[in-house]
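2 protein chains.
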Amino acid sequence: MNPRLDAQIAFLSEADKLKSVLRASRLLDGSRRENSAEHSWHIMLYALVLADQSDSQVNIDRVLKMLLLHDLVEIDAGDLPIHGGGDPAKQAASEQAAADRLFALLPDDQCQEFRALWDEFEAAHSPDALFAKAIDRVQTPVANLANGGGTWVDYNVSMAQLDQRVGVPIKRGAPTLWKWLRPRIKQFFDTPDTPAS
Amino acid sequence: MNPRLDAQIAFLSEADKLKSVLRASRLLDGSRRENSAEHSWHIMLYALVLADQSDSQVNIDRVLKMLLLHDLVEIDAGDLPIHGGGDPAKQAASEQAAADRLFALLPDDQCQEFRALWDEFEAAHSPDALFAKAIDRVQTPVANLANGGGTWVDYNVSMAQLDQRVGVPIKRGAPTLWKWLRPRIKQFFDTPDTPAS
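What follows is the structure, given as structure tokens:
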């Protein structure tokens with residue numbers, strides 16, 4: 001008998017459903033839409049590789065744990081595309097309810113520990129959370145540049161909207177990355193038929 | 198100009214291809230085969246949640262980094278199903294060549310750091326690597342129990358083969374998990390038509 005392990009496996013089995021949550025963004029080769037589980041893996045790799053491009057001191061071990069957990073709430077709440085015009089307040093309420101349900105599957109100590117990390121990520125105040133939030137915004141533009149515009153084309157997004165929705169959070173947590181990314185995005189918007197270099 | 202960041206983004210873009218590497222195992226709901234990127238995310242969650250079930254002292258931060266990187270070589274080498282009867286020596290050579298190519302996309306210091314972690318995982322000697330290897334073997338049996346046998350049925354696997362191929366590595370790195378898992382697998386093999394509890 002190991003009721004702690006029973007609870008842990010129940011949580012891990014429920015987490016499998018994140019593989020069936022589709023995002024608006026596509027793979028770099030454009031072949032299909034990305035799911036939130038593989039996206040979570042990819043942005044953890046982004047964080048590990050790009051930690052030294054952060055302007056502030058970040059604890060990469062805490063950032064990786066935040067990113068590992070950050071999208072689990074989408075199992076209940078789904079993904080809200082950033083350019084899709086949905087209601088962020090309604091989405092935030094759904095995600096809070098999802099966090100209540102999902103983390104409660106775990107033993108109490110882990111429920112509290114994981115929830116605290118998720119709350120810190122959502123609050124977006126600490127340097128670790130700001131970097132994690134920035135990294136979460138960097139991957140889709142890189143994919144869009146590679147696959148002909150992706151979600152920018154799907155949602156008819158302007159450069160001014162991108163500066164606001166993507167540029168602001170990236171600049172807050174990882175300004176060096178926005179400095180690298182913005183001219184490439186600008187070039188795409190100015191000459192969308194020219195392949196990105 | 199930021200040639201270090203250019204190299205880092207080139208590596209991260211190449212890594213996107215792991216989302217298109219299919220494994221033999223299926224999602225818990227049996228709906229489709231799993232890819233190696235979402236699998237990597239899931240076993241990192243397994244490691245974080247189950248670290249306290251390890252019998253030896255493990256550094257979970259190092260384990261997470263190993264698991265984040267461990268399957269990247271499958272971009273070139275593909276996944277070798279554990280029950281598929283392929284040639285492990287040939288696969289190991291392909292994976293070494295893949296590690297040479299992929300990690301070399303990174304700046305030298307990160308190439309060496311990541312390669313050292315991957316080599317440690319592959320060598321399976323350190324407590325962190327043994328735990329990571331064990332965790333990598335735990336997830337598929339949990340899925341198979343949920344979806345009617347999965348790869349055990351596909352490859353007509355016996356309990357004795359499972360004890361060897363799955364039980365041995367799990368017992369080496371996380372014996373408590375095999376103690377939990379084995380009776381459930383045994384029950385499935387004894388009465389395959391009875392849903393797992």
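Chains D and H are the protein sequences, given in the same order. Position 73 of the first sequence, counting from 1, maps to 73 under the working numbering, and the rest follow consecutively. Position 78 of the second sequence, counting from 1, maps to 275 under the working numbering, and the rest follow consecutively. Beta carbons are placed, not taken as given, at the ideal position from N, Cα and C, and that holds for glycine. Predicted model only: the values in this text are computed from it and were never measured.
| Query | Result |
| --- | --- |
| Rounded to the nearest angstrom, how far is the Cβ of D/A134 from that of D/L72, given a contact under 8 Å? | D/A134 to D/L72, Cβ: 20 Å. No contact. |
| Suppose contacts are defined by Cβ-Cβ distances below 7 Å. Is D/M44 in contact with H/L265 by that definition? | yes |
| Pull the bridge partners of D/R26 from the DSSP assignment, please. | D/R33 |
| In the DSSP assignment, find the unbroken alpha helix (DSSP H) run with D/P3 in it and report its ends. | P3 to A15 |
| Please decide whether D/K19 counts as near chain H, where near means a Cβ-Cβ distance under 7 Å. | yes |
| Taking the alpha-carbon of H/Q254 as reference, which of H/S237, H/Y243, H/L327 and H/R220 has the nearest alpha-carbon? | H/L327 |
| For D/A146, which residues in chain H fall below 9 Å Cβ to Cβ? | S210 and D213 |
| Kindly examine the ligand PLP and report whether one of its heavy atoms sits closer than 6 Å to the Cβ of H/L378. | Annotation note on the ligand PLP: not contained in the displayed structure, which lists no ligands. |
| Quick one: residues in its chain with C-beta nearer than 7 Å to the C-beta of D/D124, no 5 flanking neighbours on either side, listed in chain order? | Inspection of the sequence shows that residue 124 of chain D is occupied by Ala rather than by Asp. So the list reads L130 and K133, once near-sequence residues are dropped. |
| Grouping DSSP H, G and I as helix and E and B as strand, with all else coil, what is H/A320? | helix |
| Which residue's Cα is closest to the Cα of D/D109: H/A204, H/F386, H/V246 and H/L378? | H/V246 |
| With 16 other CB atoms within 10 Å as the buried threshold, where does D/Q112 fall? | exposed |
| Would you kindly work out how many angstroms separate the C-alpha atoms of H/R259 and H/E319, rounded to a whole number? | 14 Å |
| Quick one: which residues of the stretch 26 to 49 of chain D get their C-beta closer than 8 Å to a C-beta of chain H? List them in chain order. | L27, L28, D29, S31, E34, N35, A37, E38, S40, W41, H42, M44, L45, Y46, L48 and V49 |
| Determine the chain D residues that contact H/K262 at a beta-carbon separation under 8 Å, and present them in chain order. | L48 and L64 |
| Listed in chain order, which residues of the stretch 99 to 110 of chain D have Cβ atoms closer than 8 Å to some Cβ of chain H? | L106 and Q110 |
| For D/F114, collect the residues of the same chain with a Cβ closer than 8 Å to its Cβ; drop the 5 residues on either side in sequence, then sort them by chain order. | L69, F103 and L106 |
| Which one of H/D226, H/D252, H/K214 and H/R201 has the shortest CA to CA distance from H/N232? | H/K214 |
| Measure the CB-CB distance between D/Q96 and D/L80 and report whether it falls below 7 Å. | no |
| Closer than 9 Å by beta-carbon distance: list the chain A residues that pair up with D/Q53, in chain order. | Annotation note: the requested chain A is absent from the structure, which comprises protein chains D and H. |
| Shortest alpha-carbon distance to H/W377 belongs to which of H/L209, H/S228 and H/L342? | H/L342 |
| Return helix, strand or coil for D/V21, following the three-state DSSP convention. | coil |
| Assuming H/V365 and H/P338 form a contact by the criterion Cβ under 8 Å, report the distance between their Cβ atoms to the nearest whole angstrom. | Contact doesn't hold; Cβ gap of about 13 Å is too wide. |
| When the Cα of H/V335 is compared with those of H/Q205, H/Q250, H/G227 and H/N256, which residue comes out closest? | H/Q250 |
| Let me see if you follow: with CB-CB separation under 7 Å, is H/L265 close to chain D or not? | yes |
| Please give me, in chain order, every unbroken run of the alpha helix (DSSP H) with length at least 4 that falls completely inside the stretch 249 to 287 of chain H. | 257 to 266 and 271 to 274 |
| When the distance is taken between beta carbons, is D/T176 closer than 7 Å to D/H83? | no |
| Mind listing the chain D neighbours of H/D258? Cutoff is C-beta to C-beta under 8 Å, in chain order. | D61 and L64 |
| Tell me which residue opens and which closes the alpha helix (DSSP H) that D/D190 is part of. | P175 to D190 |
| Measure how close the beta-carbons of D/I75 and D/V21 come, nearest whole angstrom, since I'm counting them as under 8 Å. | 6 Å |
| Who are the Cβ neighbours of D/R203 in its own chain at under 6 Å, not counting the five residues just before and after it? | What the structure shows of chain D is the stretch from 1 to 197, and residue 203 of chain D is not part of that stretch, so it cannot be assessed. |
| In the DSSP assignment, find the unbroken alpha helix (DSSP H) run with D/A160 in it and report its ends. | M159 to L162 |
| Can you confirm whether D/W118, when its beta carbon is compared against all beta carbons of chain H, has any partner nearer than 7 Å? | no |
| Name the two residues that bound the continuous alpha helix (DSSP H) containing H/D351. | T348 to D351 |
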